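Heads up: the sequence lines are chains A and B, in that order. Per our numbering, the very first residue in the first sequence carries number 2; after that it's consecutive. Per our numbering, the very first residue in the second sequence carries number 2; after that it's consecutive. Report on the following structure.
2 protein chains.
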Amino acid sequence: MNIRTLCLGILSFGDATGYEIKKMAEDGLFSHFVEASYGSIYPALTRMTDEGLLTCRSEAQDGKPDKKVYSITKAGRDELTVALTTRPKKDKFKSEFLFILLMSEHLDQEHVCEVLAQRAEELAAELEMIQACGAHLTTPGPRFVNGYGQAVVGAAHDYVSKNLDFSISPAEPSEAAARTPQVKVEAAE
Amino acid sequence: MNIRTLCLGILSFGDATGYEIKKMAEDGLFSHFVEASYGSIYPALTRMTDEGLLTCRSEAQDGKPDKKVYSITKAGRDELTVALTTRPKKDKFKSEFLFILLMSEHLDQEHVCEVLAQRAEELAAELEMIQACGAHLTTPGPRFVNGYGQAVVGAAHDYVSKNLDFSISPAEPSEAAARTPQVKVEAAE
DNA sequence: GTGAACATGTAACAAGTTACATGATTGA
DNA sequence: TCAATCATGTAACTTGTTACATGTTCAC
């Protein structure tokens, strides 16, 4: 999903300025699965206004630059609908944390434990935020998304918390041997 | 995390060609939280070899282009270690699916249900794949990552499955009123 | 005989980020 | 007085993707 669709989506709930769109994208419910910087939002709004998907009215302010309030047009709603009814692409997930854990055998035990503890805290904080945020949601869409967030982040937090004692070295030889009769390293090369 | 670190990480487990690195990134355990195309891998390998982080030996093949097998050097391992001990950035998650659900009030009920059913299936398939993939893992790092995947994807699947009857219109007035005594819409702009 | 897997590489393109420019107001 | 919030906008840069070029072998 591109910036255009994000802006249209936010504007479909009501008029807003570029600045406000950025805030919503980084604080609100959206923040967990979208991203947007001014450098992408402002040009997108300008272009979409040129294309007739948005209208813009300027409100003079003293000191600050004119505030530009954007509204979505019929054409804009149509474009949004097209985007929303297109089969959603696979979710994208990038995690340096998991990459580090995958490579944990190259690191020392202590460091890995710190990373784990750190992540457990972060996940706890995130979960709390989502829960707090969900308390005052009334409409079905946002409630669904919030519930999804609670389910997924909750599961991640549980998992990490239960594995704070993770050991980078393989389980005791006897056990390992029982599970994996003979793990041979490739000889050639 | 950039392509360079990804390549170094994969090569830290053993020599490989660019082609093989791509395969590992898109099939293996890595596939769920990294991405890489030939257009980024090949230039990265060439550059890192120039920089002394890798060495490369060509193996002639008939018909096919020479196979270039890369090995990580001491300098490469050092760079990898630096990357792995740098505090991991926040996980990034992008979801068109959640965006659609967030906007579900603009869509029709039937369509949303289809999207939900579709996603439930996709998540079930992904979960199965992760479980199958995890069966033959023996080292702690990969096992941890696989367990994490099972926990998170499992939670997502459960949540979506339990909400296949999701309704885009707000709950019955009486109930809604009971839950939310009085939700006032902000008057001013 | 057709498509997939093997195998590398480049150039053009897409999309978005970062840093900068500008400048008032407000709260700690 | 220092940082944050409000407010918009651009240019340079980063990073990576897509499409193309090239060519064999193997399985269906």
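Even glycine gets a Cβ: it sits at the ideal position worked out from N, Cα and C. Predicted model, so just to flag it, every value in this text is computed and none were measured.
C134(A) beta carbon near the ligand PLP (any heavy atom closer than 8 Å):
In terms of ligand content, the structure shown is empty, and the ligand PLP therefore cannot be addressed.
Inter-residue spacing [alpha-carbon to alpha-carbon] between K69(A) and P44(B)
Distance from the CA atom of K69(A) to the CA atom of P44(B), rounded to whole angstroms, is 43 Å.
DSSP three-state call for K265(A): helix, strand or coil?
This structure does not reach residue 265(A), given that chain A is present from 2 up to 190, and the question cannot be answered.
If we define contact as Cβ-Cβ less than 9 Å, is M2(A) a contact residue for chain B?
True, the Cβ-Cβ gap to chain B drops below 9 Å.
Contacting positions in the segment 87-111 of chain B - beta carbon closer than 7 Å to chain A:
Of all residues in the segment 87-111 of chain B, those with a C-beta nearer than 7 Å to a C-beta of chain A are P89, K90, D92, K93, F94, K95, S96, E97, F98, L99, F100, I101, L102, L103, M104, S105, E106, H107, L108, reading in chain order.
Please state the DSSP three-state secondary structure of I169(A).
I169(A): coil per DSSP, three-state reduction.
Could you compute how far the alpha carbon of G1(A) sits from the alpha carbon of T139(A)?
The requested residue 1(A) is not part of the displayed model; chain A covers only 2 to 190.
Just list the residues that DSSP pairs R58(A) with in beta bridges.
DSSP lists V70(A) as the beta-bridge partner residues of R58(A).
Contacting positions in the segment 152-170 of chain A - beta carbon closer than 8 Å to chain B:
Against chain B - using a Cβ distance shorter than 8 Å - the residues of the segment 152-170 of chain A are A152, V153, G155, A156, A157, D159, Y160, V161, N164, F167, S168, I169, S170.
Sheet register partners of A26(B) (DSSP bridge)
According to DSSP, which records beta bridges pairwise, A26(B) is partnered with nothing at all.
Kindly indicate which residue of K95(A), D63(A), A118(A) has the alpha-carbon position closest to the one of F167(A).
Ranked by Cα distance from F167(A), the options K95(A), D63(A), A118(A) are led by A118(A).
Buried or exposed: S96(B), going by 16 or more other Cβ atoms within 10 Å of its Cβ?
With 16 or more other Cβ atoms within 10 Å, it is buried.
Would you report the Cα separation of G142(A) and S41(B), rounded to the nearest angstrom?
Distance between the alpha carbons of G142(A) and S41(B) is about 38 Å.
Spatial distance of E191(B) from F145(A) (CA atoms):
Residue 191(B) lies beyond the range of chain B shown here (2 to 190); nothing can be said about it.
Cβ shell of H33(A) (< 7 Å), same chain only, five flanking positions each side left out
Counting only residues of its own chain and dropping the five nearest sequence neighbours on each side, H33(A) has a CB closer than 7 Å to the CB of G150.
State the DSSP-derived secondary structure class of A126(A), mapped to helix, strand or coil.
The DSSP-derived three-state label of A126(A) is helix.
For a contact meaning CB atoms closer than 8 Å, what does S13(B) contact in chain A?
Contact note: S13(B) reaches chain A through M104, H107, using a C-beta cutoff of 8 Å and chain order.
Using the three-state DSSP reduction, which class does A37(A) fall into: helix, strand or coil?
The DSSP-derived three-state label of A37(A) is coil.
Minimum Cβ-Cβ distance from R180(A) to chain B less than 9 Å:
For R180(A), the predicted structure reports a pLDDT of 46, less than 50, and the residue's modelled location is therefore unreliable. The matter cannot be settled from this model.
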